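Going by the working numbering, the sequence shown opens with residue 80, and the numbers climb by one from there. First up is the structure itself, then whatever we jot down about it.
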Amino acid sequence: RTLQQQPRHVAYDHFRIKLFETMIRQFTNVSSPLSHALGRRHRNLIPFAVSFAQYGTQFLRDLSCAARETPEDEDVPHDHFDILGIDRSFVISPQELKSKYKHLMKELHPDKHSSIHEPSCSSRTLEEEKALMASMATDVTRAYGVIVNPLSRALHLLELWGAPIGEGDSSILGNNLLMEIMEVREDIENASTDEELRPLLESCRFKQNDLCDQLAEAFREERVDDARFLTAQLQYWNRIEETVLDKISHIH
């Protein structure tokens with residue numbers, strides 16, 4: 080019942096299945112560390128533990144199969160945080176995120192499943208199972224690409240909150256900020272040397288770092304309107320940075 084109520088993704092169902100299967104092997108092997116840890120006094124609990132693990136494995140397989148065969152609602156955005164198995168937050172640990180990504184990709188690598196004899200759904204062939212693993216690996220890679228970048232992470236959080244902002248949605252920004260952005264763009268257009276462009280790039284990055292600090296607080300306090308306003312600003316300054324970098328590359 081608990082597993083059924085939890086937010087889940089088919090990739091994580093697969094890992095839970097593997098966990099249960101490992102439990103079964105450990106409990107049924109009298110020389111395994113887990114079985115040995117129970118000791119003789121509690122050895123009578125092993126049949127119950129095995130039954131629980133077997134039931135959990137079959138339950139997740141059925142649940143996962145049903146999820147795959149049910150058409151997804153296109154209006155419901157994918158939760159990339161859930162796919163990666165991390166908390167839904169603007170503030171993340173880059174090291175933890177990278178570690179999660181590497182672990183998931185390792186588990187979904189085709190070589191890891193080359194010895195599979197029985198697919199997780201009885202109606203699926205081995206090739207279909209491998210294709211499913213490849214599809215889930217694509218989902219994980221896409222999720223990592225979204226979450227690792229502060230701007231796309233903020234946009235995704237707003238989408239999950241049901242308050243998305245469109246590309247170049249200037250209606251959120253005030254006239255003063257739009258005028259400032261126009262002036263910066265003019266400065267970029269008039270700049271012709273690396274020495275003139277570098278200060279503009281540093282200033283742009285400083286503004287983005289400051290906006291990220293403000294966004295962390297806004298998301299933590301669930302101030303949706305402020306988060307939308309700050310994300311729209313971050314979106315514009317991110318474009319300006321790309322423009323500066325593009326012009327610097329052409330100078331070199």
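We treat Cβ as the ideally placed atom computed from N, Cα and C, and that holds for glycine. Quantities reported herein were computed from a predicted structural model and do not represent experimental measurements.
Given residue i as reference, the closest of the options once Cα atoms are compared
i    : options                   : result
L324 : S282, I244 and W240       : S282
D304 : M258, L236, E275 and P173 : L236
A296 : I327, R277 and I171       : According to the sequence provided, residue 296 is Glu. The question's Ala does not apply to it. Comparing Cα-Cα distances from E296 to each of I327, R277 and I171, the minimum goes to I171.
D266 : N255, P278 and L256       : P278
H182 : D158, T220 and S250       : T220
P156 : D166, L234 and N228       : L234
S250 : L176, T310, L163 and Q174 : T310
Extent of the continuous alpha helix (DSSP H) to which residue i belongs
i    : result
P229 : P229 to L239
D266 : N254 to N269
I327 : V303 to I330
P278 : D273 to R299
P173 : P173 to E186
Per-residue DSSP class, three states only, for residue i
i    : result
D158 : coil
A225 : For the record, residue 225 in the displayed sequence is Val; it is not Ala. Three-state result, V225: helix.
D166 : coil
I251 : helix
A242 : coil
Buried versus exposed call for residue i [16 or more other C-beta atoms within 10 Å across all chains shown]
i    : result
T217 : exposed
F160 : buried
M258 : exposed
Q312 : buried
K185 : exposed
A179 : According to the sequence shown, residue 179 is Lys rather than Ala. Looking at its Cβ environment, which holds 16 or more other Cβ atoms inside 10 Å, K179 is buried.
Q287 : buried
R299 : exposed
A213 : exposed
V109 : Model confidence at V109 stands at a pLDDT of 49, short of 50, so the residue's coordinates are unreliable; what they give is reported in the following sentence. Flag for V109 reads exposed.
A222 : buried
I330 : exposed
Close-in-space but distant-in-sequence residues of the same chain around residue i (CB under 6 Å, 5 per side omitted)
i    : result
N317 : L230
Y315 : I260
L290 : L309, Q312 and L313
T272 : none
A306 : A297 and F298
R167 : F160
8 Å CB neighbourhood of residue i in its chain, flanking five on each side removed
i    : result
L280 : E320, V323, L324 and I327
E274 : none
Contacting residues, own chain, Cβ-Cβ under 7 Å from residue i (five flanking each side not counted)
i    : result
R232 : F169, V225 and I226
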